[in-house]
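Using the numbering used here, the first residue of the sequence shown is number 36, and each one after it goes up by one. What follows is a short report on a single structure.
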Amino acid sequence: MDNSDSDRLKATPLEVHYHTSDHNCRSFQINAGSLIQDPNTNGHETNRLRVWAKHEANNRRSEDYWRWVHLPANNKTWAEHAMYQLSDMDDETLKIYRNGINAFTTESYHEIRGPAQHARFRQPIFKPLSGSRGGIFSLVIPYLDSESLICLLNFYNKQPCHTVECDHNFEKQETSKELYKAPDSPASFHTPLTLDQSYYLSLHNSRLRDKDQVVIEHVERQEMLQPRTGTARPRRLLMVNQMWVWKVDAATLITAFPDRRHPYQTNLSERITENIKASPPSTIASVISRLLREVTGFVDAPTNAGLTDNVFHIFEQSVAYRAQEDADCYARFNKLQKDLNILETEKILRGSSKVRDQKTMDIEAQLCNITKEVDHLCEIKDIKDELKMIHKVLEDQKAVIDQYTTSYEELNFGVNEKQSDRGKEWVSGDGESQLLLETKNMLDLRISKVKSLFTDASTVENSLNHLLDLKQKQGSLIVVRDTRSLANEADQRAKDSAWQSKLLFIFTIVTVLFDPDPYIFYIHINGGSNSRIPTFKRGRSGLEIVATTFR
């Protein structure tokens with residue numbers, strides 16, 4: 036790591052927002068290098084932030100304003116420094132505060148680590164500080180995003196990307212990994228994970244699986260089915276990122292999640308900022324509710340997730356395509372069966388021929404060929420596998436939102452019956468409970484959609500397995516038929532051989548009987564002076580034996 040990489044990381048822009056109950060929003064620009072300086076240093080920009088924060092705090096009552104800092108990376112160290120800088124405490128109090136903050140952020144970190152080097156992420160959870168009545172909490176929620184496959188592969192292969200900004204973003208990521216690495220303890224910095232990396236913690240190399248993602252194959256299939264326009268469709272694969280949220284007091288909110296490493300379309304942070312500025316919230320609880328709505332709904336619109344189509348539509352089309360391929364396989368199998376029956380009928384009526392026998396062998400070979408079916412089965416299993424991963428992300432989102440909603444309802448965030456009428460009017464604010472309910476309902480619909488897609492994919496998988504079973508049975512029938520045919524041929528050859536033996540015996544007898552030359556057998560009898568020679572001759576009654584004695 037050289038100084039230019041470190042300087043580039045320090046120059047990462049951050050933004051501090053100050054919101055007030057009269058729907059006013061003010062912002063303060065600062066870079067990461069200034070924010071992560073030691074709080075006791077006298078950096079000009081850091082002091083300017085502290086003075087500005089103190090001025091804003093002094094001009095407002097505690098219930099009238101709150102501040103929100105967003106960090107464009109999952110970096111625990113940056114978040115802790117942001118908490119220090121916004122605390123507006125004297126040195127002695129700040130030391131105690133720092134110890135308390137460090138203890139809480141570490142206790143609520145809940146890092147999950149796998150065998151693979153990349154397998155580091157925080158457990159999705161809503162964790163309030165004990166005794167704070169919801170005033171201080173840590174929240175981790177995953178969400179689906181996308182990245183350019185080409186940029187990611189270029190990074191893996193250590194090749195330059197097509198934009199300088201993309202290269203710089205990857206360099207900043209590697210610099211952060213080097214600065215905040217912790218081999219034997221929870222890592223302060225976490226990198227984005229691909230869909231497969233987020234699920235398979237022992238997957239050391241995900242490049243092949245990344246290139247075969249359903250969304251990538253969908254783009255390639257569209258290019259194959261539709262005429263070329265001269266412009267290549269972008270290959271973007273699904274990623275699983277995490278939004279980290281800390282509410283460190285009644286008026287301070289800190290979020291951290293990564294921006295895309297290649298520049299295209301709107302990032303989640305930009306979308307949230309646009310939403311906040313378009314309709315400024317009146318409570319910090321409203322900000323949190325909007326964050327949860329935006330992070331869970333980011334995958335729905337194609338321009339949000341960075342894909343050319345809605346991700347659920349892509350999976351729906353992919354399942355439908357495999358279902359059509361399955362139907363085509365059945366139609367092809369049925370046609371081959373009919374062709375085979377026609378040949379068998381012709382063989383019975385006209386007898387066998389070399390041409391007909393060769394056609395029969397070719398059709399039988401196609402009937403037993405399972406290459407296409409196995410390919411389709413692998414594809415549908417990949418679809419089910421990725422749907423399972425997406426379902427896990429959605430279920431984690433639901434669990435975190437349920438935990439937060441339960442805490443919100445039980446502790447009644449922000450509600451204080453002792454407030455003035457103006458305070459009560461402010462509390463009613465933006466309908467946070469209704470917003471959370473709508474978010475949960477939309478999330479339930481997405482989960483239901485994924486389950487439906489999984490069921491459809493399972494139906495296609497079962498159908499393909501049934502076709503493979505039919506082909507296996509067809510192959511077994513062909514083997515049985517061929518075995519029986521060979522047995523019949525062997526039996527026929529045995530019968531033919533026996534018949535030939537009988538014919539040969541008869542032929543031999545006939546030859547002996549009807550040969551015109553007589554057969555004379557000379558028999559030498561030992562122990563006597565006479566020798567008799569039996570002579571065979573033909574008579575009226577057949578073959579007569581005449582013994583002739585020689586002296």
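Glycine included, every Cβ here is placed at the ideal spot set by N, Cα and C.
Residues near residue i in its chain [Cβ-Cβ closer than 7 Å; skip 5 each side]
| i | result |
| --- | --- |
| P221 | Y144 and E146 |
| S241 | T229, D231 and Q232 |
| D202 | P195 and C196 |
| L236 | G149, P150, A151 and A154 |
| K394 | L378 |
Residue burial classification, residue i (beta-carbon count within 10 angstroms, cutoff 16)
| i | result |
| --- | --- |
| D309 | According to the sequence as given, residue 309 is Glu; it is not Asp. Classification for E309: exposed. |
| W279 | buried |
| V409 | exposed |
| M424 | buried |
| M118 | buried |
| L384 | exposed |
| I418 | buried |
| H52 | buried |
| L539 | exposed |
| W534 | exposed |
| K508 | exposed |
| F542 | exposed |
| L179 | buried |
| I544 | exposed |
| D491 | buried |
| R157 | buried |
| N204 | buried |
| S183 | buried |
| N376 | exposed |
| I349 | buried |
Spatial distance of residue i from residue j (CA atoms)
| i | j | result |
| --- | --- | --- |
| R357 | F63 | 52 Å |
| S532 | E360 | 53 Å |
| H253 | A138 | 47 Å |
| K111 | E473 | 31 Å |
| I398 | S493 | 30 Å |
| S314 | R325 | 11 Å |
| N189 | C196 | 6 Å |
| L243 | P150 | 19 Å |
| F347 | G386 | 57 Å |
| R391 | T380 | 11 Å |
| L422 | A355 | 15 Å |
| N59 | G466 | 18 Å |
| H54 | N192 | 45 Å |
| V199 | H239 | 28 Å |
| E206 | R296 | 10 Å |
| F368 | A362 | 10 Å |
| A529 | F489 | 59 Å |
| P485 | L499 | Note that residue 485 is Val in the sequence shown, not Pro. Their backbone Cα atoms lie some 21 Å apart in a straight line. |
| V322 | L471 | 11 Å |
| K506 | N109 | 52 Å |
| K216 | W113 | 14 Å |
| D526 | S388 | 22 Å |
| R457 | L121 | Because the pLDDT at R457 is just 40, under 50, the model does not fix this residue reliably, and the value given afterwards should be weighed accordingly. Each residue's Cα considered, the two are about 27 Å apart. |
| T141 | D479 | 32 Å |
| T441 | S468 | 11 Å |
Test item: CB-CB of residue i and residue j under 7 Å
| i | j | result |
| --- | --- | --- |
| L273 | V250 | yes |
| L402 | L378 | no |
| D245 | T226 | no |
| L288 | I319 | yes |
| A291 | W101 | no |
| V330 | I176 | yes |
| C364 | L502 | yes |
| I415 | E351 | no |
| I185 | V283 | no |
For residue i: DSSP bridge partner residues
| i | result |
| --- | --- |
| R155 | R148 |
| K282 | F172 and L288 |
| R102 | Y53 and T287 |
| K382 | Looking at the DSSP assignment, K382 forms no beta bridge with any residue, so it has no partner. |
| F63 | V51 |
| M424 | Partner(s): none; M424 has no beta bridge. |
| D180 | M274 |
| K162 | S173 |
| L228 | V275 |
| N109 | H225 |
Sequence-distant residues of the same chain with beta carbon closer than 6 Å to residue i, five excluded per side
| i | result |
| --- | --- |
| F161 | L174, V435, Q438 and Y439 |
| P107 | D294 |
| I558 | Low confidence applies to I558: its pLDDT is 48, below 50, so where it sits in the model is not reliable, and the reading given next is rough at best. Hits under 6 Å: none found. |
Heavy atom of the ligand MN within 6 Å of residue i beta-carbon
| i | result |
| --- | --- |
| N500 | Ligands are entirely absent from the displayed structure, and the ligand MN is therefore not among its contents. |
Contact set for residue i: own chain, Cβ-Cβ below 8 Å, skip 5 residues either direction
| i | result |
| --- | --- |
| P159 | V175, I176, P177, Q277, D431, Q432, A434 and V435 |
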